[in-house]
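Asks:
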Amino acid sequence: MGRARVEGLSSCALISCSSVCRSTKTPVKANFLFCQRNWFRIPVFVVLYYIDFCTSSILMVLKYVFIVCVSTAKDVTYICPFVGPVRGSLTVTNYRLFFRCTDREPVFGLDLPLGVLSRVEKIGAATSRGDVSYGLACKDMRNLRFVHKEPEDSLKKSVFEVLMKFAFPVSNNMSLFAFEYKQVFPENGWRVYDPLAEYKRQGLPKESWRISKVNDHYELCDSYPAALVVPVTITDEELRRISSFRAKGRIPVLSWIHPESQAAVVRASQPMVGQNGRRCKEDEKLLQAIMDANAQSHKIFIFDARPSVNAAANKMKGGGYESEDAYQNAELVFLDIHNIHVMRESQRKLKEVVYPNIEDSHWLSNLESTHWLEHIKLILAGALRIADKVESGKTSVVVHCSDGWDRTPQLTSLALIMLDSHYRTIRGFQILLEKEWLSFGHRFQQRVGHGDKNHTDADRSPIFLQFIDCVWQMTRQFPAAFEFNEYFLITILDQLYSCLFGTFLCNSEQQRLKEEVPKHTVSLWSFVNSQLEEFVNPLYVHYPSHVLFPTVGIRHLQLWVTYYIRWNPRMRPQEPVHQRYKELLAKRAELQKRVEELQREAANRTASSSSERAGSPTRSITPVQTFV
Amino acid sequence: MLSLGSVGAKSTKPSFVSYVTPEEIKLEKEPPKIEKHPDLLPGEVEFCCANPILKYTQDDMSQRGIFGTLFCTNFRVTFISDEKSQEETTKTFKNKLYGENDIPLMCVDHIYGVYDEKKKLITGGLVKNKYPSKMIIHCKDLRVFQFCLTFTKEEDAKKIFQGIAHHCLEERSLKCVFAFSYSGTPKMQRKCIILDKMQRKWETILFDSPEDWTQEMKRTRANCRLVTENENFELSQRLPKYFVIPSALGDLFSYQGKGFPIWCWSHHSGCALFKASLPPVTQEDGDFQKHLDIMLNAVAHNYLYSAKTEDLSESLPTIQDIQQSYNKFKQFFLIENSTDFWLSDVKWFSSLESSGWLDIIRQCLQKAVEVVECLEKDNTNVLITEEEGTDLCCVISSLVQIMLDPYYRTLMGFQSLVQKEWVAGCHAFLDRCNHLHQKDKECHSPVFLLFLECVWQLVQQHSPAFQFSETYLTVLSDSVDVPVFSTFLFNSAHHRESVMKAESPLAQSSPLSCPTVWDWSVQFDSKAQNFFFNPLYSEKVKHEKAVRKAHKPKHQRQLSLPSTAFKPPSKKGFFKDETDSLKKILRVKRLSRWMGSPDSPAATTRGFYESWKQRPLDYHGLLLPCLDGPAVRVWMQRYLRWIPEVHIMGGGSVAVMTKLMELLSQVQDLKRVLEQRDSSQAVKLDHRPYIQHRLLSFGSSGRLSSSFPFAYSRNRSFKPIIPTGLMQSLMVTDSLASQEDEASSFVSLV
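Those protein sequences? They're chains A and B, same order as listed. Taking the UniProt record's numbering, the leading residue of the first sequence gets 1, the next gets one more, and so forth. Taking the UniProt record's numbering, the leading residue of the second sequence gets 1, the next gets one more, and so forth.
#1: Quick check on the DSSP output: what are the complete alpha helix (DSSP H) runs of length 4 or more inside the segment 310-354 of chain B, in order along the chain?
#2: Consult DSSP for isoleucine 302(A) and reduce its assignment to one of helix, strand or coil.
#3: Measure the alpha-carbon distance for glutamate 198(A) versus phenylalanine 303(A) and round it to whole angstroms.
#4: Between glutamine 275(A) and chain B, is there a C-beta pair that is closer than 8 angstroms?
#5: Hey, is threonine 21(B)'s beta-carbon within less than 8 angstroms of any beta-carbon in chain A?
#6: Out of Lys281(A), Gly84(A), Glu601(A), which one is the CA nearest neighbour of aspartate 325(A)?
#7: Between the alpha carbons of leucine 559(A) and valine 400(B), how many angstroms are there, rounded?
#8: Beta-carbon separation of methionine 164(A) and valine 120(A) under 8 angstroms?
#9: If you measure beta-carbon to beta-carbon, which residues of the segment 550-571 of chain A are closer than 7 angstroms to chain B?
#10: At the level of alpha carbons, what is the spacing between threonine 220(B) and glycine 652(B)?
#11: Tell me the DSSP secondary structure of valine 459(B) in three-state form.
#12: Between the beta-carbon of serine 498(A) and the beta-carbon of glycine 115(A), is there less than 8 angstroms?
#13: Are the CB atoms of residue 643(A) and lysine 349(A) nearer to each other than 8 angstroms?
#14: At least one CB of chain A closer than 8 angstroms to the CB of leucine 352(B): is that the case?
#15: Under the rule that 16 or more other beta-carbon atoms within 10 Å means buried, what is methionine 316(A), buried or exposed?
#16: Per DSSP, what kind of secondary structure is proline 210(B) in: helix, strand or coil?
#17: Is methionine 403(B) close to chain A, meaning its C-beta is less than 8 angstroms from at least one C-beta of that chain?
#18: Look up serine 89(A) in the DSSP assignment and give the residues it is bridged to.
#19: Taking contact to mean 3 or more Cβ pairs, one atom from each stretch, closer than 8 angstroms, check whether the segment 182-197 of chain A and the segment 505-512 of chain A are in contact.
#20: According to the neighbour-count rule (16 or more other Cβ atoms, all chains shown, within 10 Å of its Cβ), is glycine 250(B) buried or exposed?
#21: With a CB to CB cut of under 7 angstroms and the five nearest residues on each side skipped, what residues in its chain are close to asparagine 534(B)?
#22: Can you give me the Cβ contacts of glycine 318(A) inside the same chain, cut-off strictly under 7 angstroms, excluding the 5 residues immediately before and after it?
#23: Considering only C-alpha positions, which residue in the set Ala383(A), Ile358(A), Trp372(A) is nearest to glutamine 347(A)?
#24: Tell me which residue opens and which closes the alpha helix (DSSP H) that glycine 413(B) is part of.
#25: Using a Cβ cut-off of 8 angstroms (strictly closer), state whether histidine 647(B) contacts chain A.
#26: Could you work out which residues of chain B lie near glutamine 511(A), taking near to mean beta carbons separated by less than 8 angstroms?
#27: Quick check: what's the CA-CA separation for serine 323(A) versus serine 243(A)?
#28: Where DSSP assigns a beta bridge to glutamate 121(A), which residues make up the other side?
#29: Does glutamate 238(A) pass the burial test, meaning 16 or more other C-beta atoms within 10 Å, or should it be called exposed?
#30: Taking 7 angstroms as the limit between beta carbons, can you name the residues of its chain near threonine 214(B), skipping five residues before and five after?
#31: Going by C-alpha distance, which of Phe180(B), Arg64(B), Asp141(B) is nearest cysteine 148(B)?
#32: Please list the partners that residue 751(B) has in chain A, where partner means a Cβ-to-Cβ separation under 8 angstroms.
#33: With DSSP run on the structure shown, which of helix, strand or coil describes methionine 135(B)?
#34: What are the complete alpha helix (DSSP H) segments, minimum 4 residues, inside the segment 327-354 of chain A?
#35: Closer than 8 angstroms is the cut-off here; do at least three beta carbon pairs connect the segment 562-571 of chain A with the segment 616-633 of chain B?
#36: Determine the burial state of leucine 121(B): buried for a count of at least 16 other Cβ atoms within 10 Å of its Cβ, exposed for fewer.
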């Protein structure tokens, strides 16, 4: 009675079983009978095994089998905006949505984690023929539309319901798939970032900076990490007082210190100045101490990421900005970066312009009207000014926006990438994300809305996407300065939404510990670091001391076509990007091998031809060196 | 200085900075006037000079500059700094003819004068009057020079201003072009003749002899007839000396040298591309229609009896449109100061779009793809027509050949193609480039540049398929305005020959010989020429390369799309069977109409592009460009190289190129070392200095700017360029901007 079929397609296998088991919720032992014909005809229950997509060998995690009801294979039409309607089978699991066309050559498939869905909705009422169509809006700049030809009510309903259930587990009081994903990798990515080790790398603690344990139990500030670096002269008691003066208790703490000039990058949230111009002498003392810690400069720059108008408006709500009267020797600079709502709107417009079709003749003005690249420019320009003050001006800087968890990490982490070559390596970049974004409480859960069906949530905003875009812009401008390639950045963004890894879950370090995320989920870095060669930029040259100052003119900024427009088959590069990188690597290896062979040969010849010059050939031929 | 912009709540907008003070201080400090003279080229004559002149440096916006002497010669306007130039010696990419402070007269685009803080375009009338305090020169290679004339004696200033204005703006005769005085000296003549011989020994085929054409026909296996009757330009002065026509075409003397198809290239299937100069079909002229039919039949007879014709003047922008669009476009790159730069940065994309330049590029590529589709997929002969037959026909036919024939993607192949289609093909370079500053604006148009732009798009999208680099294309586009080479100086082959004969210095013995632009050694040493080669070029197997070197480049093509209608050609059908021929003609016409269908030409080739894209990419096969909005880009290297605000220190594509070239040159060096060692005596030669020298030359430059190898930034301190006036850039007027910064913190928004 059991008819089943195993389908292997792009490292995923479907095992469908025709045994009737409507009532039972227990996993079905599938009979591995291969059936060639007739299997479409009967509505089937598909038992789906989640197969890890990153391992080439098929590995079945039998423990996590869900019974998912789908309609029969022939019923679903995917309205592809590029090739037109495609008919095929749609499968939904607790992790992914899988569509495979049956009537088209070459085989066309869709395979996406449910985490990228931001909205699932029915479009229009059922037509007279009984078609029901529903649209899926995705977080990764695409929309999908499916139409059911199947008139049988119970079945089409179930697909919709299954989608609603598994795409938004948080709204359904279920856990995210990351908590069920049990892939084992050779490396444990949760160990990538050790705050103390990172501070030690920067030479901290040192005479004027100490590591405070005041936030060990997240009592001072629940969105900050446990380890904080503050000036030696400020006591924990003073820090507590400052925390009541800074929004959300996010006091000024050190992010990075220049190894030579001792100029520091300090991050914070806005001071609670309010309309009455409240002051806090401990806060003033803290900023003075930050300035004093750097003997090279008698000034300190405060970079407020917001437009000055918005900063001023915040005074109405008790916030505001540092007055130059209260803070001696401080210069306040506004960086004019807009708030999360403006950014969300810009992303929405961008999606409209790039998906599904591009209007060639008005492409440029349409792109301009999204303001997306202008926002990127402002963020990069802000980071550039910060980096310039630290590097060229040898001055310490304090960076804040309102709460210090959106624009602030954008600015500090970009400035850090410009200033410190360590953050341009693959592991260094992981540390940077773990530190500036995750430990300092960028609200990933809120901004991305993991597993949350409330797609209109005003807290969602593409802040992290913008940051990665900025990094991408820098990799474009400095193709040899980054150890990672474009595929690495795209992987990070894809996994940001997929909810396969625990890395980007929750809003803060405290929450992640409370939910025991590191214990129950796999870190993205476990996956990445287990196959580093995929993510290596073959052109990378490590220059420890180089500071990068990107050009922020719009003329040098490009839309990240390979990310935003990657769903358009016409815009896809001929070969996948990382493939191209691999070829480059191979080419380099081949060349280097040739060089080495020739060198060896030359050395042998020299050695054999003139024994008195035996020592010179090794030095005379410089080993392969590269200059940028 | 750097904190300009929105510092604090107040944003300071840099206005026209007073430039008088800093120099006055400097003047006092610098009393010695050293007489310096430019190193003149052979035949170069100095007209006038003035000192001291202040040349503003573009690197910062503080309106500072360098003092020096400004000269005007019959070749260039040149500025020689009073200070010792430290840059020149370290350059790895130095043009031997003109340096960074030289402007060949032909290269001058516009001159502006600043009179009482007002910028005015200098035209004939203004020259007579008062001289301006500041002279701004816009060059055709997009450099901008600003000279302050107020420090020099009034008469000197007047003289130099009028001299420059006269020589750069006034209409003049071809004889005055520097090339003739340069090559005219007996010494240079002898050198040129030697160079010419060497050139022929190299690989660029000049297509000025019947052999070159026969060779090309053999290479493409063309089935056409070489015409030598025009050797003395008896057929027409507008036609090439030698050309190839369909073998079915009869006596040429009856056509008055116009309106018959000229062979461009043959596809390996046998079908071919032809071009013709035909007036646009306006009225139902019976004779004309008959003529057209004969032409089409001749073309169709070439292969399989099918032909399509395409009137380019109907479906592509006119040369005036091209000129207008480019004039708008180039303005975005002629930037005089930082403030302008950041102001124009805000509306960058919409300005680009409004110029329409990228759209024209897209249209040309699109048209070329359509023709490629006919040749490749339908195996149909194609005849492209245009009134003159030497403008857009050249663009399209060259592009088609580059897309279809990998030979033209090699450096020598590309140069041969330019010779074949453009130089021998009688493109009116002199008129189109306006080398003589003629007032008649109708005939100026950057058609050749448009072609290079299209090629750049292809290079950008499929760089491993091309042996040459974008630097090569940029240099070639600059060389058009260097009045030393004969390549781009004439309107036709006849024009060239007659002028060369008339200008000969050695009596009637032989015509004057000028170097061609392909003689890159005239401009660059061999090390600099390395930059012309694309280190990522995926070469084909070696024996084929050897074949190409031996002047027998073969048609190397991969199996392409299956030909849709392969029927044995009816060899004797046409003239015998009248009714059949009529049918054919009808079919031909129908096809031609279909091809030029105005409704969305993009849609027709979309399928062709997509089916091509699905096949594995072969860099030695058919190459098609992606034409979607984001894929057509601005040629950054050419247009942005002189603008300091966009220079990326230590970055840009040069970072990659340098690294790859480094690696390649090391391999080559080591090979050379081995070769030396193979010869018995060579053991004593120490190879050490050579290699180290190589490494040094790259190493000393440390972090190159993205504008390398063109502009050199004096800004060695790696100061970032911080935009000014950010607040103006983005005024979000929406209510969103004023919303709470963090929704969660204060209010909950639904």
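Beta carbons: idealized from backbone N, C-alpha and C, even for Gly.
Replies: The short version:
#1: DSSP assignment within the segment 310-354 of chain B yields the following whole alpha helix (DSSP H) runs of 4 residues or more, N-terminal first: 312-315, 319-331, 338-346.
#2: Reduced to three states, the DSSP call for isoleucine 302(A) is strand.
#3: Rounded to the nearest angstrom, the two C-alpha atoms are 24 angstroms apart.
#4: With respect to chain B, the C-beta atom of glutamine 275(A) has no partner C-beta closer than 8 angstroms.
#5: At threonine 21(B), the pLDDT of 46 sits below 50, so the modelled position is not reliable; the number obtained from the coordinates is stated separately. Cβ-Cβ to chain A under 8 angstroms: no for threonine 21(B).
#6: If we check each option's Cα against that of aspartate 325(A), Lys281(A) comes out closest.
#7: Their backbone Cα atoms lie some 29 angstroms apart in a straight line.
#8: Going by C-beta atoms, methionine 164(A) is nearer than 8 angstroms to valine 120(A).
#9: Against chain B - using a Cβ distance shorter than 7 angstroms - the residues of the segment 550-571 of chain A are Pro550, Thr551, Val552, Gly553, Ile554, Arg555, His556, Leu559, Val561, Ile565, Arg570, Met571.
#10: If you take the alpha carbons of threonine 220(B) and glycine 652(B), they lie about 39 angstroms apart.
#11: Of the three classes helix, strand and coil, the one that applies to valine 459(B) here is helix, per DSSP.
#12: The answer is yes: Cβ separation under 8 angstroms.
#13: Look at the range of chain A in this structure, 1 to 628, and you will see that residue 643(A) is not part of it.
#14: For leucine 352(B), the closest Cβ of chain A is nearer than 8 angstroms.
#15: Sixteen is the threshold: since fewer than 16 other Cβ atoms of the shown chains lie within 10 Å of the Cβ of methionine 316(A), the residue is exposed.
#16: DSSP, read as helix, strand or coil, puts proline 210(B) in helix.
#17: Methionine 403(B) is outside the set of residues whose beta carbon lies under 8 angstroms from a beta carbon in chain A.
#18: According to DSSP, serine 89(A) bridges with Arg100(A).
#19: With a cut-off of 8 angstroms, the segment 505-512 of chain A and the segment 182-197 of chain A do not count as touching, because too few Cβ pairs lie within range.
#20: Counting the other Cβ atoms within 10 Å of the Cβ of glycine 250(B) gives fewer than 16, which makes it exposed.
#21: Here the set comprises Ser463, Phe466, Gln467, Phe468, Ser469.
#22: Cβ within range, chain order: Met272, Gly274.
#23: Measuring from the Cα of glutamine 347(A), the nearest candidate turns out to be Trp372(A).
#24: Start and end: 411-417.
#25: Yes, contact with chain A.
#26: None at all; the shortest Cβ gap to chain B is about 14 angstroms.
#27: Taken atom to atom, the span from the alpha-carbon of serine 323(A) to that of serine 243(A) is near 18 angstroms.
#28: The partner list for glutamate 121(A) (beta bridge, DSSP) reads Gly135(A).
#29: So glutamate 238(A) counts as buried.
#30: Excluding sequence neighbours, threonine 214(B) sits near Leu226.
#31: Among Phe180(B), Arg64(B), Asp141(B), the Cα nearest to that of cysteine 148(B) is on Arg64(B).
#32: Residue 751(B) is absent from the model: chain B starts at 1 and stops at 750.
#33: Looking at methionine 135(B) - three-state DSSP - the assignment turns out to be strand.
#34: When DSSP assignments are scanned along the segment 327-354 of chain A, the uninterrupted stretches of alpha helix (DSSP H) that are 4 or more residues long and fall wholly within it turn out to be 340-354.
#35: Yes, the segment 562-571 of chain A touches the segment 616-633 of chain B.
#36: Counting the other CB atoms within 10 Å of its CB gives leucine 121(B) a total below 16, which places it among the exposed residues.
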